[in-house]
Amino acid sequence: MAKYDKVARRRLDRLSMELTFPNGKAKFLDGWQAYANESARLQGRVAGPSEDASVYTVQIRQPSLVAAGQFHDSWVLLVQLNHPNYPKEIAWPTFVSTPVPFNPHVSAKSGVLCSGNLWSSTTTLAEFVVKVMRLLNLDETLPDRESGLNHDATRYWRTLMAGRPLYADLRYPEAQRPTVAASPEPAGLFGTVVVTGSTGTRAGGQK
Amino acid sequence: MKNAGTITIEHPDVGTTLAVPVHDLASATPADLVTYLTRSATLPSPDRSRPYELFAGGKSLAMGRSFVENGITGDAHVQVLRATHGA
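Protein chains in written order, with our numbering: chain A, 259 to 465; chain B, 2 to 88.
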């Protein structure tokens, strides 16, 4: 894929974050930052609104396990949109705060999150973050065997929690998909563009 | 009489689908649509050596002819690709 296409796709991901988490805050979210690349993140140089950003840190505030029966509620997730196959794939996201979640999908040693089923080429970054929130709440289908990056967590979830979520009544933020303003419009021929995934397309409204 | 419809545009590289209401399919051309979408930065700008091509039902659309002349008189699904050779 041409590099330019990836820039356009990253712009869509950033727009999704701005729409879903305006001012950087929302339920279960303390904030998020965008950086041009990993080097910029390490130097603390936040990307400007129009700058191409391939690295994000997301501060999630939501209770989840750090060990059997022990809770913590503050996490920092690092997401990098610079995989050679982006947007089909992203680098494995990592919890860079400590302690790391005691979760079937999270390595206890490295904080790496196995995001295989959470990301696809049509997933926006905001949708991905909401899926991570569900995952932190163990709000998903129990696998039929010990799997994932933390078998102890899977076993705990299966045997002591019977595969149920930590909190059954949590309501997650609703990820917003960007719409693009209908300007400039040649000869009044077109209406508002709606950006959707490759499936479940919905039409934009007539002006 | 105007024909209106919604053109959904699948962009496999970017991984998104765009839904664009077209008010007059007899006047608008695929070229107009590409211009509209690139000006609003919804699609990356094509370069001269690799212009966009639009396909509907496996058939390439004539960029300078209206959607109606291309056989599209209502809602339609279109794929956007970039040509591999020069224009």
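Here a beta-carbon is modelled for each residue, glycine too, at the ideal position from N, C-alpha and C.
I need the DSSP call for residue i, collapsed to helix, strand or coil.
| i | result |
| --- | --- |
| B/His12 | strand |
| A/Tyr344 | coil |
| A/Thr417 | helix |
| A/Glu276 | helix |
| A/Phe386 | helix |
| A/Glu296 | helix |
| A/Thr412 | helix |
| A/His399 | The sequence shown places Thr at residue 399 of chain A, rather than the His named in the question. Here A/Thr399 sits in coil by DSSP. |
| B/Val69 | coil |
Skipping 5 residues on each side, what residues in its chain have a beta carbon closer than 8 Å to that of residue i?
| i | result |
| --- | --- |
| A/Thr274 | According to the sequence provided, residue 274 of chain A is Ser. The question's Thr does not apply to it. Taken in chain order, the residues that qualify are Thr382, Leu383, Ala384, Glu385, Ala433, Gln434, Arg435 and Pro436. |
Excluding sequence positions up to five away, which residues of its chain have a Cβ less than 6 Å from the Cβ of residue i?
| i | result |
| --- | --- |
| A/Pro345 | Arg267 and Ser379 |
| A/Asn361 | Ala411 |
| A/Val324 | His330, Pro357 and Phe360 |
| A/Trp377 | Ile348 and Phe386 |
| A/Ser355 | Trp333 and Val334 |
| A/Ala305 | Ala292, Tyr293, Ala294 and Ala311 |
Would residue i and residue j be called neighbours here (beta carbons separated by less than 8 Å)?
| i | j | result |
| --- | --- | --- |
| A/Leu428 | A/His363 | no |
| B/Thr1 | B/Ser61 | The question about residue 1 of chain B has no answer, for chain B in this structure spans 2 to 88. |
| B/Leu19 | A/Val265 | no |
| A/Ser373 | A/Pro351 | yes |
| B/Val69 | B/Leu26 | yes |
| A/Val316 | A/Asn295 | no |
With distances taken from CA atoms, which of the options is nearest residue i?
| i | options | result |
| --- | --- | --- |
| A/Leu300 | A/Leu336, A/Val452 and A/Ser332 | A/Leu336 |
| A/Arg319 | A/Arg413, A/Leu394 and A/Leu400 | A/Leu394 |
| A/Pro280 | A/Ala294, A/Pro307 and A/His409 | A/Pro307 |
Can you tell me whether residue i is buried or exposed, with buried defined as 16 or more other CB within 10 angstroms of its CB?
| i | result |
| --- | --- |
| A/Gly421 | exposed |
| B/Val81 | buried |
| A/Pro442 | No answer about A/Pro442 holds up, because its pLDDT of 46 lies below 50 and its placement is not dependable. |
| A/Leu371 | buried |
| A/Leu287 | buried |
| A/Lys367 | exposed |
| A/Arg272 | buried |
What does a CB cutoff of less than 7 Å around residue i pick up in its chain, not counting 5 residues either side in sequence?
| i | result |
| --- | --- |
| A/Ala440 | Residue placement at A/Ala440 is poorly supported in this model, since its pLDDT is 40, which falls under 50; the coordinates still yield a value, given next. Cβ neighbours of A/Ala440 beyond the five flanking positions: Phe448, Gly449, Thr450, Val451 and Lys465. |
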